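**Student:** If you read the sequence shown in my numbering, its first letter stands for residue 2, the second for the next number, and so on. A virtual CB, placed ideally from N, CA and C, is assigned to each residue, including glycine. Treat the numbers as computed from the prediction; the structure is a model and nothing was measured. After the structure tokens below, expect a handful of questions from me.
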Amino acid sequence: MNLKTGIAASIGAALCFTIMDAFVKSLGHIGTGELTFFRGLIGLAFLPVLARFSQTPVFSGKNRLLLLLRGLFGGSGIIFVFLSIQGLTLGDASILTQLSAFFMCILSPLFLKEQWPSHVLPGLIMITAGTFLVLQIWNYSAFNVYALYGLAGAVCSAAAYITIGLLGEKGGHSDIEIIFYFQLCSMLLGGILTASDFVLPSGIEWLWIGGMSFSALAAQMLLTWAYQHTHSLVVSFTMYTGVLFHVWFGWILWDETLTLYSEIGGVLILAGSAFLLLLKQKVSSRI
Numbered sequence: 002m003n004l005k006t007g008i009a010a011s012i013g014a015a016l017c018f019t020i021m022d023a024f025v026k027s028l029g030h031i032g033t034g035e036l037t038f039f040r041g042l043i044g045l046a047f048l049p050v051l052a053r054f055s056q057t058p059v060f061s062g063k064n065r066l067l068l069l070l071r072g073l074f075g076g077s078g079i080i081f082v083f084l085s086i087q088g089l090t091l092g093d094a095s096i097l098t099q100l101s102a103f104f105m106c107i108l109s110p111l112f113l114k115e116q117w118p119s120h121v122l123p124g125l126i127m128i129t130a131g132t133f134l135v136l137q138i139w140n141y142s143a144f145n146v147y148a149l150y151g152l153a154g155a156v157c158s159a160a161a162y163i164t165i166g167l168l169g170e171k172g173g174h175s176d177i178e179i180i181f182y183f184q185l186c187s188m189l190l191g192g193i194l195t196a197s198d199f200v201l202p203s204g205i206e207w208l209w210i211g212g213m214s215f216s217a218l219a220a221q222m223l224l225t226w227a228y229q230h231t232h233s234l235v236v237s238f239t240m241y242t243g244v245l246f247h248v249w250f251g252w253i254l255w256d257e258t259l260t261l262y263s264e265i266g267g268v269l270i271l272a273g274s275a276f277l278l279l280l281k282q283k284v285s286s287r288i
């Protein structure tokens, strides 16, 4: 494994995901469904190119229901994240996506062959407290539907990771096959949402849509490359730089700043997620 290459690739993936979200925020007037549709469509168009480099058969022909669930959860997660970006700062939206680790902790023992140690509680408490601070549930003006979209996106992301874990247990599935179902379901879900009010983009909007889609594709490729070249624990930790990138982009492009509650809550969520990640690694090493 090449540590430097893996770290560089994971930081690059975090940056590309941030660029994608910045394009989404800039294109808020187009509509979340339409953006999700184009993201999936352009991603599908480039899958044949990626398939040429796959060393395993692209389509296995098995576990189609599980693959479909992965695609539906992933596509729904994208929609909810895109919706949250329109009403939250980039930093807050990014912080809420980190809650997927919290929901993974709850779902993993139910669906995967993973058992968490009893001392997982401190991490859960940190994440829960951080979430309350970021959402400011006592403040009606701050706790809005966009925050709930962010929470829903984290739940869907966790569910998507669970299905990927189940597919990994069964074996025989290429990364391209899993991505194919994700892009296909994203396109279909986005198409359904925008069917009644589809507006054809024009001019520079096509450039922004292309930038959104290609940055998402680049992020996925870099993340896969990172996991192939260094330890998954290192990649997961390094991906937290995405929160910092989101804060920077929001500040530079839209003059966004985090509240003190978001700053403290974000630190608690990241610290709690890192704590759970370390515990998961210790548990996995004993199996």
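Span of the alpha helix (DSSP H) holding R65?
**Tutor:** Indexing the sequence shown from 1 puts residue 65 at position 64. Unbroken alpha helix (DSSP H) run through R65: R65 to G88.
**Student:** Rounded C-beta distance between L168 and R71? I'm assuming under 8 Å.
**Tutor:** Residue mapping note: residue 168 aligns to position 167 of the sequence shown, counting from 1. Residue mapping note: residue 71 aligns to position 70 of the sequence shown, counting from 1. That belief holds up - the Cβ atoms of L168 and R71 are roughly 7 Å apart, short of 8 Å.
**Student:** Please list, in chain order, all residues of the same chain as V235 whose beta carbon is under 8 Å from its beta carbon, the five residues on each side excluded.
**Tutor:** By one-based count along the sequence shown, residue 235 stands at place 234. Excluding positions up to five away in sequence, the list reads L4, G7, I8 and S11.
**Student:** Within the same chain, show all residues whose beta-carbon is closer than 6 Å to that of A272, passing over the 5 residues directly before and after it, in chain order.
**Tutor:** To locate residue 272, count along the sequence shown from 1; it is residue 271. Result list for A272: M127, in chain order.
**Student:** Rounded to the nearest angstrom, how far is the Cβ of L194 from that of G29, given a contact under 8 Å?
**Tutor:** On the sequence shown, residue 194 is found 193 positions in, with the first residue counted as 1. On the sequence shown, residue 29 is found 28 positions in, with the first residue counted as 1. The Cβ separation is near 14 Å, so there is no contact.
**Student:** Quick one: residues in its chain with C-beta nearer than 8 Å to the C-beta of C157, no 5 flanking neighbours on either side, listed in chain order?
**Tutor:** Locating residue 157 in the sequence shown gives position 156, counting from the first residue. So the list reads F74, G75, S77, G78 and F81, once near-sequence residues are dropped.
**Student:** Go ahead and pull the three-state DSSP assignment for T258.
**Tutor:** Your numbering for residue 258 matches position 257 in the sequence shown. In the structure shown, T258 sits in coil (DSSP, three-state: anything other than H, G, I, E or B).
**Student:** Are the Cβ atoms of G44 and V248 separated by less than 7 Å?
**Tutor:** By 1-based counting over the sequence shown, the position of residue 44 is 43. By 1-based counting over the sequence shown, the position of residue 248 is 247. No. Outside cutoff.
**Student:** Measure the Cβ-Cβ separation of F83 and L136 and say whether it is below 7 Å.
**Tutor:** Numbered from its first residue, the sequence shown carries residue 83 at position 82. Numbered from its first residue, the sequence shown carries residue 136 at position 135. No, Cβ-Cβ distance for F83 and L136 is not below 7 Å.
**Student:** I need the straight-line Cα distance from M222 to A46, nearest angstrom please.
**Tutor:** Position 221 of the sequence shown, counted from the start, is the residue given in the question as residue 222. Position 45 of the sequence shown, counted from the start, is the residue given in the question as residue 46. For M222 and A46, the distance between alpha carbons rounds to 15 Å.
**Student:** As an exercise, report each continuous alpha helix (DSSP H) stretch of at least 4 residues that is fully enclosed by the region 144-175, in chain order.
**Tutor:** Whole alpha helix (DSSP H) segments, 4+ residues: 146-171.
**Student:** Closest to G154 by C-alpha separation, out of K63, L254, I86 and W255, would be which residue?
**Tutor:** Here residue 154 refers to the residue found at position 153 when the sequence shown is read from its first residue. For the residues K63, L254, I86 and W255, the minimum Cα distance to G154 belongs to I86.
**Student:** Determine the direct distance from the alpha carbon of T98 to that of E264, and round the result to whole angstroms.
**Tutor:** On the sequence shown, position 263 is the one that residue 264 refers to. On the sequence shown, position 97 is the one that residue 98 refers to. When rounded, the distance between both Cα atoms is 15 Å.
**Student:** Leaving out five residues before and five after A217 in sequence, what residues of the same chain have Cβ atoms less than 8 Å from its Cβ?
**Tutor:** By one-based count along the sequence shown, residue 217 stands at place 216. Excluding sequence neighbours, A217 sits near C17, F18, M21, R40 and G44.
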